[in-house]
Ligand SMILES: NC(=O)c1ccc[n+]([C@@H]2O[C@H](COP(=O)([O-])OP(=O)(O)OC[C@H]3O[C@@H](n4cnc5c(N)ncnc54)[C@H](O)[C@@H]3O)[C@@H](O)[C@H]2O)c1
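Numbering (the UniProt record's numbering), first residue to last: 1 to 399.
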């Protein structure tokens with residue numbers, strides 16, 4: 001079987017296992033050559049470990065100087081009659097193989113992070129595989145649904161505005177076009193559901209459960225990821241439903257801090273850069289901003305991907321420093337280079353020039369598309385995409 005990219009709108013319907021392995025290896029190579037994380041955590045739990053910022057966190061903490069052992073939780077699909085499986089499934093497998101070769105522990109738990117069963121499995125894995133406690137919990141889930149823990153009913157998050165509808169442009173990766181879309185304003189119930197799914201509720205619940213189980217080491221820290229962005233993106237993000245959820249997440253950090261202070265630890269929110277991930281391509285009307293941002297930041301030499309962001313977070317902010325650098329709202333700003341005045345000025349100018357006819361040539365559409373394909377294991381160097389892949393061989397790979 002030859003595996004080719006299959007894209008539907010902004011969803012990849014196929015993934016290349018050995019391309020995913022190569023993408024994991026490239027990230028490992030990067031952190032090995034980057035300034036190392038000093039005095040980093042040795043035992044880490046990562047919720048949302050299989051792609052995007054969570055996978056990059058895991059790679060940075062294992063190979064970027066801290067030499068951490070990890071338990072990673074994710075929701076992924078293995079090979080079946082329905083298909084080859086998801087990219088995150090293979091990221092988990094090949095990350096574990098690389099970590100074990102380097103003498104590190106890497107346990108993968110595949111399941112719904114919101115469920116009590118997965119919480120139990122995690123506590124058991126921390127006890128058996130990580131010696132009983134963790135020094136850091138990374139909360140990097142991005143999802144559209146969460147079951148209400150009391151009724152079992154599903155909350156569904158929506159990506160909508162709050163107040164007025166918005167018309168903007170979205171990158172369609174299937175057709176290679178900029179589609180004009182109108183984003184509706186959310187109802188109060190939709191806003192509430194989005195806050196339940198993507199806000200801080202579940203982060204706090206996880207920390208409570210882990211504290212009660214006694215699996216958080218003295219001094220244990222936790223970090224969750226957020227996005228704010230510039231004023232031009234406020235209607236779709238910061239002032240929209242996702243922004244409401246992030247405001248809740250920021251407030252939750254203060255609550256968790258109080259609880260972790262009791263064991264000498266603390267909670268942080270790191271505000272990250274806008275990047276192409278499995279989750280972010282779903283955000284409508286953000287396309288022109290990201291296309292312009294990539295172009296400008298690449299030209300100014302300050303562009304970063306998830307792995308560069310996460311290595312810099314742990315190396316220059318969270319660990320090995322006298323003080324964690326936070327802004328006046330207590331947030332760690334990994335979006336500092338994105339938000340630089342000259343970058344934003346150039347981005348605003350470029351956005352004004354982008355049209356559905358010219359966007360491929362004036363913006364970084366090529367880079368955006370390349371990142372998306374790479375997330376799914378396509379377009380990497382040193383991968384033989386003509387090689388026949390034996391389905392049975394994939395089925396026996398253990399997560
Ligand atoms: N992508 C961006 O531009 C960007 C920027 C700033 C902040 N962030 C934030 O970073 C965080 C991670 O997002 P990402 O873009 O890396 O997303 P992603 O889609 O790449 O990764 C999400 C992870 O969550 C896991 N997951 C989803 N539902 C789950 C469930 N029910 N149980 C267990 N695991 C589950 C997935 O398997 C995956 O490992 C989010 O909070 C997001 O808002 C993203």
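Ideal Cβ positions, reconstructed from N, Cα and C, are used throughout, including at glycine.
**OP:** Drop a sphere of 10 angstroms on the beta-carbon of residue 125, count the other beta-carbons inside from all chains shown, and report buried for 16 or more, exposed for fewer.
**Re:** Residue numbering aside, residue 125 sits at position 125 when the chain shown is read from its first letter. In the assembly as shown, residue 125 is a buried residue. Its beta-carbon has 16 or more other beta-carbons within 10 Å.
**OP:** Could you pull the start and end residues of the alpha helix (DSSP H) that residue 36 belongs to?
**Re:** Locating residue 36 in the chain shown gives position 36, counting from the first residue. Run containing residue 36: none; DSSP gives neither H nor E here.
**OP:** Thinking residue 137 and residue 28 are a contact (beta carbons under 8 angstroms), I'd like their distance in whole angstroms, please.
**Re:** Stepping through the chain shown from its first residue, residue 137 is reached at position 137. Stepping through the chain shown from its first residue, residue 28 is reached at position 28. About 22 angstroms; that fails the 8 angstroms criterion.
Original post:
Less than 7 angstroms between the CB of residue 153 and some heavy atom of ligand 1, yes or no?
Top reply: Translated into the one-based positions of the chain shown, residue 153 becomes position 153. No, since every heavy atom of ligand 1 falls outside the 7 angstroms radius drawn around the Cβ of residue 153.
Subject >> Close Cβ partners of residue 193 (< 8 angstroms) along its chain, the five nearest in sequence each way excluded >> reply: Start at 1 with the first residue of the chain shown, and residue 193 comes out as number 193. Within the same chain, residue 193 has close Cβ partners 155, 156, 157 and 158.
Subject >> Separation of residue 160 from residue 24, as counted between CA atoms >> reply: By 1-based counting over the chain shown, the position of residue 24 is 24. By 1-based counting over the chain shown, the position of residue 160 is 160. Going by the C-alpha atoms only, they are around 33 angstroms apart.
**OP:** Give the range of the alpha helix (DSSP H) segment to which residue 137 is assigned.
**Re:** Taking the chain shown and counting its residues from 1, the one referred to as residue 137 is at position 137. From DSSP, residue 137 is part of no alpha helix (DSSP H) but of the beta strand (DSSP E) over 134-139.
Original post:
Can you find at least 3 beta carbon pairs, one from the segment 256-273 and one from the segment 327-338, that sit closer than 8 angstroms?
Top reply: The segment 256-273 vs the segment 327-338: in contact.
Original post:
Within 10 angstroms of its Cβ, does residue 91 collect 16 or more other Cβ (buried), or is it exposed?
Top reply: In the chain shown, counting from the first residue as 1, residue 91 sits at position 91. Under this definition residue 91 is a buried residue.
Original post:
For residue 278, is the beta carbon positioned less than 7 angstroms from some heavy atom of ligand 1?
Top reply: Here the question's residue 278 lines up with position 278 in the chain shown. Yes, ligand 1 has a heavy atom inside 7 angstroms of this Cβ.
Original post:
With DSSP run on the structure shown, which of helix, strand or coil describes residue 337?
Top reply: Within the chain shown, the letter at position 337 stands for residue 337. Reduced to three states, the DSSP call for residue 337 is coil.
Original post:
If we count the other Cβ atoms within 10 Å of its Cβ and call it buried at 16 or more, is residue 303 buried or exposed?
Top reply: Position 303 of the chain shown, counted from the first residue, corresponds to residue 303. Flag for residue 303 reads buried.
Subject >> Sequence-distant residues of its chain with Cβ nearer than 6 angstroms to residue 45 (five each side left out) >> reply: For this step, residue 45 is matched to residue 45 along the chain shown. Shown here for residue 45: same chain residues with a beta carbon closer than 6 angstroms to its own, the five before and five after excluded, namely 71, 134 and 137 in chain order.
Original post:
Would you call the CB atoms of residue 73 and residue 49 closer than 8 angstroms?
Top reply: Numbered from 1 along the chain shown, position 73 holds the residue referred to as residue 73. Numbered from 1 along the chain shown, position 49 holds the residue referred to as residue 49. In terms of Cβ geometry, residue 73 and residue 49 form a close pair [threshold 8 angstroms].
Original post:
Assuming residue 94 contacts residue 59 under a Cβ cut-off of 8 angstroms, what Cβ separation, rounded to an integer in Å, is found between them?
Top reply: Indexing the chain shown from 1 puts residue 94 at position 94. Indexing the chain shown from 1 puts residue 59 at position 59. Here residue 94 is actually not in contact with residue 59; their C-beta atoms are around 11 angstroms apart, not less than 8 angstroms.
Original post:
Any chance the segment 183-202 sits against the segment 251-263, with 3 or more Cβ pairs inside 8 angstroms?
Top reply: The segment 251-263 and the segment 183-202 touch, with three or more beta-carbon pairs separated by less than 8 angstroms.
**OP:** Report the partner residues of residue 108 according to the DSSP bridge assignment.
**Re:** As a position in the chain shown, residue 108 is number 108, starting the count at 1. Partner(s): 72.
**OP:** Quickly, what does DSSP pair residue 146 with across the bridge? List them, please.
**Re:** Taking the chain shown and counting its residues from 1, the one referred to as residue 146 is at position 146. Residue 146 is bridged to 155.
Subject >> Span of the beta strand (DSSP E), counted from its first residue to its last, around residue 178 >> reply: Residue numbering aside, residue 178 sits at position 178 when the chain shown is read from its first letter. That run of the beta strand (DSSP E) goes 177-183.
Original post:
Going by other Cβ atoms of all chains shown within 10 Å of its Cβ, with 16 needed for buried, is residue 82 buried or exposed?
Top reply: The residue you call residue 82 lines up with position 82 of the chain shown. Counting every other CB atom within 10 Å of its CB across the protein chains shown gives residue 82 a total below 16, marking it as exposed.
Original post:
Do you know how far the Cα of residue 5 is from the Cα of residue 386?
Top reply: Along the chain shown, one-based indexing puts residue 386 at 386. Along the chain shown, one-based indexing puts residue 5 at 5. One alpha carbon belongs to residue 386, the other to residue 5, and they sit about 13 angstroms apart.
Subject >> Segments of 4+ residues assigned as alpha helix (DSSP H) that fall wholly inside the segment 260-295 >> reply: Counting only runs of 4 or more, we get nothing.
Subject >> Environment of residue 342 [buried if 16+ CB atoms lie within 10 Å] >> reply: Residue mapping note: residue 342 aligns to position 342 of the chain shown, counting from 1. Of the residues assessed, residue 342 falls on the exposed side of the cut-off, its CB having fewer than 16 other CB atoms within 10 angstroms.
Original post:
In chain order, what residues of the same chain have a beta carbon less than 7 angstroms from the beta carbon of residue 174, not counting five sequence neighbours either side?
Top reply: As a working mapping, residue 174 is identified with position 174 in the chain shown. So the list reads 7, 8 and 9, once near-sequence residues are dropped.
Original post:
When DSSP builds the beta bridges, which residues end up paired with residue 222?
Top reply: In the chain shown, counting from the first residue as 1, residue 222 sits at position 222. Looking at the DSSP assignment, residue 222 forms a beta bridge with 137 and 267.
Subject >> Residues that DSSP places opposite residue 83 in a beta bridge >> reply: Along the chain shown, one-based indexing puts residue 83 at 83. For residue 83, which the question treats as bridged, DSSP gives the partners 80.
Original post:
Say the cut is 7 angstroms; is the CB of residue 29 nearer than that to a heavy atom of ligand 1?
Top reply: To locate residue 29, count along the chain shown from 1; it is residue 29. Not so, every heavy atom of ligand 1 lies at least 7 angstroms from the Cβ.
**OP:** Return the first residue and the last residue of the beta strand (DSSP E) that residue 169 is part of.
**Re:** Stepping through the chain shown from its first residue, residue 169 is reached at position 169. Taken as a continuous stretch (DSSP letters only), the beta strand (DSSP E) holding residue 169 covers 166-172.
Subject >> Cβ contact (3+ pairs, closer than 8 angstroms) linking the segment 366-376 and the segment 312-324 >> reply: No contact exists between the segment 366-376 and the segment 312-324.
Original post:
What's the gap between the Cα of residue 482 and the Cα of residue 67?
Top reply: Any property of residue 482 remains undetermined from this structure, which presents the chain solely from 1 to 399.
Subject >> C-alpha distance - residue 189 paired with residue 245, whole-angstrom precision >> reply: As a first step, residue 189 is located in the chain shown; it is residue number 189 there, counting from the start. As a first step, residue 245 is located in the chain shown; it is residue number 245 there, counting from the start. Roughly 13 angstroms separates the two Cα atoms.
Original post:
Is it the case that the CB of residue 51 approaches a heavy atom of ligand 1 more closely than 7 angstroms?
Top reply: Translated into positions along the chain shown, residue 51 becomes position 51. Yes; taking the cut-off as 7 angstroms, the Cβ of residue 51 has a heavy atom of ligand 1 nearer than that.
Subject >> residue 44 - containing beta strand (DSSP E), residue span >> reply: Along the chain shown, one-based indexing puts residue 44 at 44. Element bounds for residue 44: 43-47.
**OP:** Would you decide whether residue 165 is buried or exposed? Buried here means 16 or more other CB atoms lie within 10 Å of its CB.
**Re:** The residue you call residue 165 lines up with position 165 of the chain shown. When all chains shown are included, residue 165 counts as exposed.
Subject >> Simplified DSSP state of residue 307, which is helix, strand or coil >> reply: Within the chain shown, numbered from 1, the residue matching residue 307 stands at position 307. It is helical.
Subject >> Selected residue, minimal CA-CA separation from residue 263, among 64, 361, 216 and 398 >> reply: Within the chain shown, residue 263 is the residue found at index 263, counting from 1. Distance check between residue 263 and each of 64, 361, 216 and 398 places 216 closest, using alpha-carbon atoms only.
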